[in-house]
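Below is one structure, written out as structure tokens; the observations come after it.
2 protein chains.
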Amino acid sequence: MTVVTVIGLGLIGGSIAIDLKHQLNVKVLGVDNNSAHQAEAKDLGLVHEVVSLEEGQAQADIIIIAVPVDAAESVLANVLDKVGTHQVVLDMGSTKGNICKAVESHANRGRYVAAHPLAGTEFSGPKAAIRHLFQGKRNIICEKAKSDSDALATAVSVIESLGMETYYLAPQEHDRHLAYVSHLSHITSFALSKTVLDIEQDEAQIFNLASTGFASTVRLAKSSPSTWAPIFQKNKDHLSVALNNYIKQLIVFKEALDSDDKEGTLAFMEDANQIIRVLD
Amino acid sequence: MTVVTVIGLGLIGGSIAIDLKHQLNVKVLGVDNNSAHQAEAKDLGLVHEVVSLEEGQAQADIIIIAVPVDAAESVLANVLDKVGTHQVVLDMGSTKGNICKAVESHANRGRYVAAHPLAGTEFSGPKAAIRHLFQGKRNIICEKAKSDSDALATAVSVIESLGMETYYLAPQEHDRHLAYVSHLSHITSFALSKTVLDIEQDEAQIFNLASTGFASTVRLAKSSPSTWAPIFQKNKDHLSVALNNYIKQLIVFKEALDSDDKEGTLAFMEDANQIIRVLD
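Order-wise, the sequence lines are chains A and B.
Counting in the working numbering, the first sequence runs from 306 upward without gaps.
Counting in the working numbering, the second sequence runs from 306 upward without gaps.
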């Protein structure tokens, strides 16, 4: 029997817990500092038991940290302070530079594996947890050489058991790429929602006239502020560069539109169409 | 037997044609000035026959115009010049102010119904045509009082047979609302794609690291420039206002981020979350 303690029972932690709970010979303990989330996780059957952090750490073979990225640094440091040589600790946060740096000199750094599953939805909390969220998705591991080889192997087997392939990136590379292909698109969606709510006085018309295109583009604006504010803050240098470029693109397009530069608007869209070649 | 002639066999016209072709007692004739599209429409079985504009107009009970909005004005004027009192003409364009104005004084204005089905995908051309694209969607009709009552009734029955409910709006109201809830989100997606392609030197990482969130937000950047450039141009006044507001929102967010104003970024996202209340 492998005991896995999941700290943080929201969308990511809850989805990990419920998938592991369905595996043979795995006992899943859940830790959450929000009592409403504890109750929801119990009611939803995401874990075998909700326990205290101390009990969860004492019993665990594997500890998975899935809390907001601003809380993750101190939670990880506390867990590593007491970690045994038989235990493995993973964190699942969306930024990796900050947390790798926070524990780089920790005596027990070897027991830790820095991970990031590239999966999610716009929902949050234990009720957002769903089975098979990670199936067919990718996971990034950073600084694999700083993890003990047995810890790394255990972490990879957990990740594979959730249905993911693992890729390896340096923390700074991870954060830079993710600023562009994940974090930026959350901001563009939040801003789209803000604009439409601000400018469209007749809210009923948003509902009446929005089609699947708008729904798709604005979907991430439903995401949890308490999850995303710390991600943006931890990755603000890369994001600031990305936002500068994005604002510049919009100004270029608006100038072409305002000046009836049809060639300019066409060329802009033809360039943008290249995303088909890259993604598909 | 009702004969319907569809002019323009792309995503919208082709999807209308294939659905109508499956109805009892309907013959669908297709017109397209692109010979490759004519051949594709035949091969795909979107229509019973591909015919010339003249033949399509001569045989039709109902004429549906589904061409880019910059071409629609002259196509509609030509069709109305020769329209019989037994015929009904609809156009399906995404802007309505320009086309309603173009034919407001036409002697046969009464035979025309200005429509806009709120449905689509990011794909284009006859190959993008799919069955049931319109099922459960909304359609807007503008200036219904300027259509003869029998023409309006026929148009509504066509639209209902495709699975849509009809709402009525003035053309200027239509264009203003659509700028916010449809056209703007296309531009934000085109710009997101341009930014990521511009800033991310390592294109393989876009493919490796993009998750469902990025794919959803950037989806509309795959849309056809030849469809969308004229829509943006025809609706540029409303879009310019919307883009100004959007750029302003992004600058506000970026300033909060750059200055570590966590309250500011949280408040921005909490405001944006209100889209849940409006859409769901």
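For every residue, glycine included, the Cβ atom is placed at its ideal position computed from N, Cα and C.
For residue 396(A), the uninterrupted beta strand (DSSP E) segment begins and ends at 393–396. Rounded to the nearest angstrom, the Cβ distance from residue 314(A) to residue 337(A) is 5 angstroms, consistent with a contact under 8 angstroms. Residue 354(A) sits in a strand when the DSSP states are folded into three classes. Contact with chain B is found for residue 499(A), since one of that chain's Cβ atoms lies less than 9 angstroms from the residue's Cβ. DSSP links residue 447(A) through a beta bridge to 419(A), 474(A).
Chain-order list of chain B residues neighbouring residue 583(A): 502, 508, 511, 512, by C-beta distance under 8 angstroms.
By the C-beta density criterion, residue 416(B) is buried, having at least 16 other C-beta atoms within 10 angstroms. Within the segment 537–564 of chain A, 537, 538, 541, 544, 545, 546, 547, 548, 549, 550, 551, 552, 554, 555, 556, 558, 559, 562, 563 place their CB atoms closer than 8 angstroms to a CB of chain B, listed in sequence order.
In the assembly as shown, residue 387(A) is an exposed residue. Its beta-carbon has fewer than 16 other beta-carbons within 10 Å. Residues of the segment 461–495 of chain A whose Cβ lies closer than 8 angstroms to any Cβ of chain B, in chain order: 472, 482, 483, 485, 486, 487, 489, 490, 491, 492, 493, 494, 495. Bounds of any beta strand (DSSP E) do not take in residue 486(B), whose DSSP letter is neither H nor E. In terms of beta-carbon proximity, residue 425(B) lines the interface with chain A, with at least one pair separated by less than 9 angstroms.
Rounded to whole angstroms, residue 418(A) and residue 504(B) show a C-alpha spacing of 29 angstroms. Counting along the chain, residue 438(A) sits inside no alpha helix (DSSP H), nor does DSSP assign it H or E at all. Assignment of residue 319(A) by DSSP, reduced to helix, strand and coil, places it in the helix class. Unbroken alpha helix (DSSP H) stretches of 4 residues or longer found wholly inside the segment 480–563 of chain A: 489–504, 508–514, 517–523, 530–539, 541–563, given in chain order.
Pairing residue 566(B) with residue 461(B), the inter-Cα distance amounts to about 52 angstroms. Under DSSP, the beta-bridge partners assigned to residue 335(A) are 311(A), 355(A). Put simply, the CB of residue 449(A) is far from chain B, with every gap to its CB atoms at 9 angstroms or more. With fewer than 16 other Cβ atoms from the protein chains shown falling within 10 Å of its own Cβ, residue 436(A) counts as exposed. Within 10 angstroms of the beta-carbon of residue 438(A) lie 16 or more other beta-carbons, which makes it buried. Residues of the segment 391–412 of chain A whose Cβ lies closer than 9 angstroms to any Cβ of chain B: none.
Annotation: residue 410(B) is outside any alpha helix (DSSP H) and is labelled neither H nor E by DSSP. Annotation: Cβ neighbours of residue 573(A) in chain B (cutoff 7 angstroms, chain order): 495, 499. Short of 6 angstroms from the beta carbon of residue 526(B), and not among the five residues preceding or following it, lie these beta carbons of its own chain, in chain order: 494, 495, 498. Annotation: residue 410(B) to residue 399(B) spans about 21 angstroms, alpha carbon to alpha carbon. Shown here for residue 371(A): same chain residues with a beta carbon closer than 6 angstroms to its own, the five before and five after excluded, namely 313, 317, 318, 397 in chain order. Here residue 474(A) is buried, its C-beta having at least 16 other C-beta atoms within 10 Å. When 533(A), 557(A), 562(A), 536(A) are compared, the shortest CA-CA separation from residue 536(B) is found for 562(A).
Excluding the 5 residues flanking it on each side, residue 343(B) has same chain C-beta neighbours closer than 6 angstroms at 337, 355, in chain order. Boundaries cannot be given for residue 327(B), as no alpha helix (DSSP H) includes it and DSSP labels it neither H nor E. DSSP places residue 459(B) in the uninterrupted alpha helix (DSSP H) bounded by 454–466. Burial is judged here by how many other beta carbons sit within 10 angstroms of a residue's own beta carbon; residue 585(A) has fewer than 16 and is exposed. Between the segment 453–470 of chain A and the segment 474–491 of chain B there are fewer than three C-beta pairs closer than 8 angstroms, too few to call the two in contact. Beta bridge pairing from DSSP links residue 370(A) with 312(A), 396(A). Its chain contains 316 as the residues whose beta carbon lies nearer than 6 angstroms to that of residue 433(A), once the 5 sequence neighbours on both sides are disregarded; these appear in chain order.
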